[in-house]
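Which chain is which? The protein sequence lines are R and Z, in order.
For the first sequence, this note's numbering begins at 2 and goes up steadily by one.
For the second sequence, this note's numbering begins at 2 and goes up steadily by one.
Presented below is the structure to which this report refers.
Protein chains: 2
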Amino acid sequence: MREVAVLGIGQTPIAEHWDKSLRMLAGEAVFAALKDAGRERTDGLFVGNMLSGLLSRQENLGALVADWAGLRGTEAVKVEAACASGAAALRAGLMAVSSGAMDSALVVGVEKMTETVGPQTTAALATAADADWEAAQGLSFVALNALIMRRYLHEYGWQHTDFAPFSINAHANAVHNPYARLHDSITTHDYNRARMVADPINLLDASPIGDGAAAMLLVPTEILKRNGRPMITIAGSASATASIAVHDRRDPLWLAAAYASAKKAYAQAGVSPADIDVFELHDAFSIMAALSLEACGFAERGQGPRLGLEGQIGPSGRVPIATRGGLKARGHPVGATGVYQAVEVVQQLRGEAGATQVPGAKIGMAQNIGGSGATILAHIFRAG
Amino acid sequence: MREVAVLGIGQTPIAEHWDKSLRMLAGEAVFAALKDAGRERTDGLFVGNMLSGLLSRQENLGALVADWAGLRGTEAVKVEAACASGAAALRAGLMAVSSGAMDSALVVGVEKMTETVGPQTTAALATAADADWEAAQGLSFVALNALIMRRYLHEYGWQHTDFAPFSINAHANAVHNPYARLHDSITTHDYNRARMVADPINLLDASPIGDGAAAMLLVPTEILKRNGRPMITIAGSASATASIAVHDRRDPLWLAAAYASAKKAYAQAGVSPADIDVFELHDAFSIMAALSLEACGFAERGQGPRLGLEGQIGPSGRVPIATRGGLKARGHPVGATGVYQAVEVVQQLRGEAGATQVPGAKIGMAQNIGGSGATILAHIFRAG
C-alpha cells in the first residue's frame, strides 16, 4: 500500500451562486487544485456529491465534471454517502492511488443547493435519513438532530446556552476565511435569541447550506519527495457506519461510527487525540460538535460543551475546531463539505491559515458525517 | 497491488418486486453472495446505484444496506456512474482490496424502479444524459439512442431488421436464466413488427427496466489459493469517459470510452479480443451492442451487425454475448446491471451457466456503459 500525499488544493467561495451551475462550480475547484499542484491532468476524478440527481436532475456526474473541466476521457465516478460524500470521495481517491491503479487522483466535492429545479432542499436533505422509517414520518433532518439535542440536554443537564461557544468560535474564524458562507461574528446574546428552527435547535445551532466545490489532488508520496513541494501526507483514513435510523441505536447520544473510524485512523497514524493539532469536525448542528468531540476522545461522555465553555476550541486552544468557520459559518454544501474540511486541514498544516492559523500545527484530522451519525469518515493528515 | 479474486456471487430475479423495497432487494443479493462465499462478514460494502435519491427518496445507501443486511458498523458507500454504477462499484471495491485497505469487499448493485415515489422513470433515466444541454431539450434517454441508431443506419447502410439477431439471441438465452426479467423467445418476425418506441428503436431493441440486485464478494487471490474454492481472478479493470453530451463527440458512432477502457483492460490481462470467451456487453439498446462490439475490437467499424447475422454471437459462436439474456432480456435495473454482468461472467467461468454455458470458457469480459457512452468500464475475469 503506497503512502499518499496532497499535491494541490482548491476551493470556491460558498454562496448562493445563482450564476454558476453544478459543473461550473466543480470545474472552478478542479482548476484551482490543478493550478496549485502545477499539473494539468489527473489519472482519475472522484466526485463527492449527494443531491445532484434530486436538485439538478443530473447524475453521471463523473463524466459531466471530467468533460467540463477539460479532463474528457479521464476515468471518473461519483461517490455518495449523504453529507459525508466529500470524505467518501477522498477515501476512494486515496485507495485508487495507494493501490497503484493510478498515479494521481483528483477529488472534488461539489453541491448546488440554491436556484435548483428539484424539490425543496429540506425534503432533499431528508434522503440522508431512513426514508421508510424516519422521513416517512415527516421528520426533517434538523428535526432528527433536534430530538438528539433535546435528549442530550435532558440526559446530561446542560442548558441550550452552553452550546454557544461552538457557534461563536465558528463564526469568529469564518470572518477570516474568504471562502466562507458567513462573515459576521456573533455573541452569546445573539445565540440565545436566534430564531427557533426545531426546538431546541435555533438558527445559530444550524449550519447554512450553500453552493460550492472544493478539490484536492492526491499523488504517491514519493512524487512529492522528488519535487520538493510542501509535504502533507495522509496518515490515516477510515470509515464506519451505524444504523441509519436514530431510533435503532442502543444509545442515540453516542456516535459509534465516529468512535470506530477515528480509532482506526489514530491507529494507522500512530497517534492519539492529544496529538491532533487541529480538528475539523462536522458541526452541522452544535449538538454534533459535542457528540463528535466525545466519540473521538477529546472529551468525556456528556462533557463535550465543556471544552467550549473553557475556551479550548479556538485556534490557540487545546482542541482547535472549525478553524476556518466549520460547517456552521464556512457553510455546508453537503456533498462538498468533506473536501472543504480536508482542504482546510491542509491549509493549517501548510501554515496558510492566516489569522486563524493554529501555531505549529503538524497533525490534523477531518471528520465528515453522513446522516445523523450513520456514515462517518476520519482522515488524518501530517506535515512532513 | 494485490491480485483480487471473486469468492462469492449472488443475485435476485429481476422483476416488478412490488413487495420488496430497495434495501430488501440489496439485502437478498448480499445474503446470497455471502452464503456462496461461506462468509458472514465483509470489511467493506460498495453499493452501485443510480436512482435511489430520485425514485425512492433515499440516499446514504451504503449505511442503509449495511444496516439492513446485518453488516451494521461496516464501512459502506454508494458509487454512481449512471447505468455504469454497478461496474463502478465493482472497480471501487476492487481497488479497496488491491490497495490492502481491506481484505474483503462486498459489491452490490441495486435498483428499485417500479412502484416508487419519485418522478416518471423516463425522466429519472434522463439524468444520465446532460441535464442542461440534452434533457432540457426534452430528449429522453431512448430518444438519444434513437438518434444514434438512425445515424448508424444512414452512415453504414444497414436496415433496422439487421439488428434482429442481437435481440433474438438475448431472448433465447434468457429463457434459461431463472433470474431474467423476460423468458419468452422471439423471432425476426416479432422483432420487425414490435411497437415503435422512438424511431428507429422499437420495443424489441430496448431493454426492460426492473427491480433487482446482484452482489459479489472480492478477496485477495491468496485467500482463494488457501481455501481451494473455484479460482476466478479479476485480470483487468479499467474505466474511461467521453463527453457526456452526444453532440459534443467528434463521431457519435464511436464509443471512445469503450475503446479506451477495453484497451487498458486487455493490456492488464495480457489478452486480445480473440482471447475473450464470453463478452457480457451493455445492450441497453441493440445499437449499443453493435457499437460496443466495434469499439472493443470484435468487429470492424460499421460492421457490428454482421456478427449477429453470421450467427457468431450465441453461446457456441465466436463472440458469445448476452449469454444470460443481456440487458435486453435478463433486464436492466440500471445501477445493478454492471454487477449482474460480472456475476454472469463468473457463472460462465465456473461452468455454472447451464443451457447457455459457453464451452470451455476461461476468460470473460463485462462491459458497463453509463449514459449514451459517457462512462464505460471493462472488467476481465479469468478462471485459474
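For each residue, glycine too, the CB sits at the ideal point set by N, CA and C.
For clarity, every value in this text was computed on a predicted model and none was experimentally measured.
Beta-carbon proximity of residue i to residue j, cut-off 8 Å
i      : j      : result
Z:A129 : Z:A215 : no
Z:I15  : Z:D37  : no
R:A243 : Z:R73  : yes
Z:N369 : Z:Q349 : no
Z:D104 : Z:D44  : yes
Z:A144 : Z:A70  : no
R:S168 : R:K329 : yes
R:D278 : R:G365 : yes
Z:E17  : Z:M51  : no
R:A33  : R:V48  : no
R:M232 : R:A384 : yes
R:A275 : R:L282 : no
Z:V359 : Z:V7   : no
Z:P166 : Z:G309 : yes
R:A296 : R:A259 : yes
Z:A300 : Z:N174 : no
R:V54  : Z:G54  : One detail in the question is off: residue 54 of chain R reads as Gly in this sequence, not Val. Yes; because the gap between Cβ atoms is below 8 Å, this pair is in contact.
R:A241 : R:A266 : no
Z:G315 : Z:N170 : yes
Z:F280 : Z:P321 : yes
Buried or exposed (CB count within 10 angstroms, at least 16 for buried), residue i
i      : result
R:T162 : exposed
R:E29  : buried
R:S317 : exposed
Z:T13  : buried
Z:M197 : exposed
Z:T188 : exposed
Z:Q138 : exposed
R:V5   : buried
R:G361 : exposed
Z:V118 : exposed
Z:H172 : buried
Z:T75  : buried
R:T123 : exposed
Z:Q121 : exposed
R:K226 : exposed
Z:Q313 : buried
R:G229 : exposed
Distance between beta carbons of residue j and residue i, contact taken as under 8 Å
i      : j      : result
R:A285 : R:E135 : Not quite, the Cβ-Cβ distance comes to about 16 Å (not below 8 Å), so this is no contact.
R:L183 : R:G372 : Going by Cβ atoms, the distance from R:L183 to R:G372 rounds to 24 Å, so no, they are not a contact pair.
Z:T102 : R:S262 : Here residue 102 of chain Z is Ala; the residue named in the question, Thr, does not match the sequence. Going by Cβ atoms, the distance from Z:A102 to R:S262 rounds to 13 Å, so no, they are not a contact pair.
Z:A64  : Z:A77  : 6 Å
R:A1   : R:L219 : Since the displayed chain R opens at 2 and closes at 385, residue 1 of chain R lies outside it and no answer follows.
R:E345 : R:R325 : 4 Å
R:L91  : R:V108 : 5 Å
Z:R3   : Z:P221 : 5 Å
R:E116 : R:W19  : 5 Å
Z:D185 : Z:S287 : With 8 Å as the limit, Z:D185 and Z:S287 do not qualify as a contact, their Cβ atoms being about 17 Å apart.
R:P201 : R:L154 : 6 Å
At what residue ranges does the stretch 9-67 of chain Z contain a whole run of the alpha helix (DSSP H), taking only runs of 4 or more? 23-38, 53-57
Tell me the start and end of each unbroken alpha helix (DSSP H) in the stretch 259-291 of chain R that is at least 4 residues and wholly inside, in chain order. none
What ranges does the alpha helix (DSSP H) occupy inside the stretch 80-147 of chain Z, keeping only unbroken runs of at least 4 residues that lie completely in it? 86-100, 122-126
I'd like to know if the stretch 203-223 of chain Z and the stretch 107-125 of chain Z are in contact, where contact means that at least 3 CB-CB pairs between them fall below 8 Å. yes
Is the number of C-beta pairs between the stretch 187-195 of chain Z and the stretch 348-356 of chain Z that are closer than 8 Å three or more? no
Assess contact between the stretch 177-188 of chain R and the stretch 299-311 of chain R, defined as three or more Cβ pairs (one per stretch) separated by less than 8 Å. Is contact present? no
Pairs of beta-carbons, one from the stretch 82-96 of chain R and one from the stretch 269-289 of chain Z, closer than 8 Å: are there three or more? no
Taking only runs of the alpha helix (DSSP H) that begin and end inside the stretch 172-239 of chain Z, which ones reach a length of at least 4 residues, in chain order? 189-194, 222-228
Decide yes or no for the touch test of the stretch 245-254 of chain Z against the stretch 320-339 of chain Z: beta carbon pairs closer than 8 Å, at least 3 of them. no
Just checking, does the stretch 374-382 of chain R make contact with the stretch 85-92 of chain R on the three C-beta pairs under 8 Å criterion? yes
Okay, do the stretch 53-70 of chain R and the stretch 142-156 of chain R touch, 3+ Cβ pairs below 8 Å being the bar? no
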